[in-house]
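Participant:
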Amino acid sequence: MTKWYCTNCYSQVEQNEAPQNCSNCLAHEKLILNMSEGLPTTPEDVRDIARKKLKGLCAAYPLCDGNFDKICQKEAYGKPIGFGGAGQGMSFRNNVNSLMNLRLKMRVVGEHIEPDTSTKFLGIKLDFPVMGSSTAGIEKYNDAMPEKDFCRAVIRGCKDAGTIGWRGDTWFYTPESNPALEVIKEEKGAGIPIFKPRAQDVLKKLIKMAEDADCPAVGIDLDGCGSTIMARHGQPVFRKSVKDIRELVEFTSLPFITKGIMTLEDAMACADAGVKVISISNHGGRVLDSTPGVAEVLPEISAGLNAAGFKGKVLITADGGVRTGYDVLKMIALGADAVLLGRDIIRASVGAGSLGVQLHMDHIRKTFKKAMFMTGQAKIKDIDKNILC
Ligand SMILES: Cc1cc2nc3c(=O)[nH]c(=O)nc-3n(C[C@H](O)[C@H](O)[C@H](O)COP(=O)(O)O)c2cc1C
């Protein structure tokens, strides 16, 4: 008899044939591993599996920077975007390079400290200030796994690592069939849905569904307005005015998030409209080529919001090119309250479902703690730009 392990719900079953689905959580066979071959125990193990499953799309390189020597940028040019960045991938690279250009001041003289990595985000306790970013559409990439399994991998993996996963939206999600909301509901509200900037009436329907699913917050990726694939599938997306944003903020009792903010002007407009979380992001460089890196614009946006009196009232998240706990510390030092991981969490879930996401998040938490320790930071709220050089 062979022992099989479901990487999405951690259940085991003994049988000769490989199961087609997990009998417990119904995960697809792609998420079920033969235990005699050994289970992944490190993020590297998970990356090795993901590399095989994402062949031709992403080689799960140790350095994911959108450079021309990488499959996503080299081979996707002029083809569908895959895992890469828009155009020549400059926005993608600027995200990574802007973080690489920052250095941490090592401070080792002082009282011994045990850094506390925990924080609160909209009242949710997080063991560390990192969440799974809103992503979607993985079912269509190399048939990696069914979309619901992907959503569950992110939601459960993040929860088991002591944090929360955001979920995205794409052309084959509708109010009638929505993998993200279905899974969040099944997982008792343990996820934050970010919808594409669809028509207001469609968004209101989705927001109501998010409330019914017990989501702690809801939002839209404003920078998804350029998606032509949505329109091609009869689900048009739009630029949103301040009036539109305020209408949605007032429509829901949930804290509202706007993602895809890259300028102080847009951030102020959202804050004035009552948005609770400004998510600074260029969508991993996937929606407009030639933007600055997120780490370049974050200090000005954070300082501007604070100066306008929004400190403590409006939270800031940052994502784009964050690959390590050291990068997390840099984003926090630049003014983010929390940080999101995109491609790394996709790869982790493709490699080993919830288990993969949990392993990856645990690794980030540990390196973030080490980074806090070595820069002499005991508490997240005390971290500021003075630790950078
Ligand atoms: C394949 C893929 C799908 C994505 N789907 C969405 C989405 O549905 N909604 C969204 O807000 N952002 C989406 N994003 C952007 C991520 O949320 C995040 O902003 C970005 O990946 C962060 O950069 P990083 O990948 O360098 O960490 C997607 C990114 C990738 C790579």
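Heads up, my numbering is the position in the sequence shown plus 1349, with the first residue counted as 1.
Even glycine gets a Cβ: it sits at the ideal position worked out from N, Cα and C.
Hey, is G1669 close to ligand 1, as in C-beta under 7 Å from one of its heavy atoms?
Facilitator: G1669 Cβ: within cutoff of ligand 1.
Participant: Would you call the segment 1710-1723 in contact with the segment 1626-1641, where contact means no fewer than 3 C-beta pairs closer than 8 Å?
Facilitator: With a cut-off of 8 Å, the segment 1626-1641 and the segment 1710-1723 do not count as touching, because too few Cβ pairs lie within range.
Participant: Under 7 Å from any heavy atom of ligand 1, does the C-beta of T1519 make it?
Facilitator: Under cutoff, so the answer is yes.
Participant: Between A1485 and ligand 1, is there a pair consisting of the residue's CB and a ligand heavy atom that are separated by less than 7 Å?
Facilitator: Under cutoff, so the answer is yes.
Participant: Sorry if obvious, but does the Cβ on L1403 come closer than 7 Å to a heavy atom of ligand 1?
Facilitator: Incorrect: L1403 has no Cβ contact closer than 7 Å to ligand 1.
Participant: Any idea if L1530 is buried or exposed, counting beta-carbon neighbours within 10 angstroms, 16 or more meaning buried?
Facilitator: Result: buried.
Participant: Does the beta-carbon of I1543, which I'm using as the reference point, lie nearer than 7 Å to any heavy atom of ligand 1?
Facilitator: Under cutoff, so the answer is yes.
Participant: Could you check where the alpha helix (DSSP H) with M1480 kicks off and where it finishes?
Facilitator: M1480 -> not in any alpha helix (DSSP H); beta strand (DSSP E) instead, spanning V1479 to G1481.
Participant: Quick one: is D1570 buried, meaning 16 or more other Cβ sit within 10 Å of its Cβ, or exposed?
Facilitator: D1570 comes out buried.
Participant: Since R1516 is in the beta strand (DSSP E), which residue starts that stretch and which ends it?
Facilitator: Counting along the chain, the beta strand (DSSP E) containing R1516 begins and ends at G1514 to R1516.
Participant: Using the three-state DSSP reduction, which class does S1526 fall into: helix, strand or coil?
Facilitator: Correct three-state label for S1526: coil.
Participant: Label Q1726 either buried or exposed according to how many other C-beta atoms from any shown protein chain fall within 10 Å of its C-beta, with 16 as the threshold for buried.
Facilitator: Result: buried.
Participant: Need the endpoints of the beta strand (DSSP E) that Q1549 sits in, please.
Facilitator: Run containing Q1549: none in the beta strand (DSSP E); it sits in the alpha helix (DSSP H), Q1549 to D1561.
Participant: For V1688 versus V1479, is the C-beta spacing smaller than 8 Å?
Facilitator: Taking 8 Å as the Cβ cut-off, V1688 and V1479 qualify as a contacting pair.
Participant: Straight-line CA distance for R1581 to P1546?
Facilitator: Approximately 15 Å between the Cα atoms of the pair.
Participant: Could you tell me whether the Cβ of G1538 comes closer than 8 Å to any Cβ of chain D?
Facilitator: Protein chains in the displayed structure number just one, and chain D is not present.
Participant: If you reduce the DSSP assignment to three classes, tell me which class L1737 lands in.
Facilitator: In this structure, L1737 counts as strand in the three-state DSSP scheme.
Participant: Between which two residues does the alpha helix (DSSP H) harbouring G1337 extend?
Facilitator: No statement about residue 1337 is possible, as the shown extent of the chain runs from 1350 to 1738 and does not include it.
Participant: Should A1644 and I1627 be called a contact, given that it needs their Cβ atoms to be closer than 8 Å?
Facilitator: Not in contact: A1644 and I1627 (Cβ atoms no closer than 8 Å).
Participant: Which whole-angstrom value describes the C-beta separation of S1440 and D1676, a residue pair presumed to lie in contact below a C-beta threshold of 8 Å?
Facilitator: Rounded, the Cβ-Cβ distance is 17 Å, inconsistent with contact.
Participant: Do you know offhand how far F1499's Cα is from G1459's?
Facilitator: Looking at the two C-alpha atoms, the distance is approximately 45 Å.
Participant: By Cβ distance, which residues of its chain are closer than 7 Å to I1473, with the 5 residues on each side in sequence left out?
Facilitator: Cβ within range, chain order: I1513 and P1565.
Participant: What residue range is occupied by the uninterrupted alpha helix (DSSP H) comprising F1499?
Facilitator: Looking at the DSSP string, the run of the alpha helix (DSSP H) that includes F1499 is E1496 to D1509.
Participant: So I1473 is in the beta strand (DSSP E); what residue range does that whole segment cover?
Facilitator: Counting along the chain, the beta strand (DSSP E) containing I1473 begins and ends at I1473 to L1475.
Participant: To which residues of the same chain is V1551 closer than 7 Å at the C-beta, ignoring the five residues directly before and after it?
Facilitator: Cβ within range, chain order: P1524.
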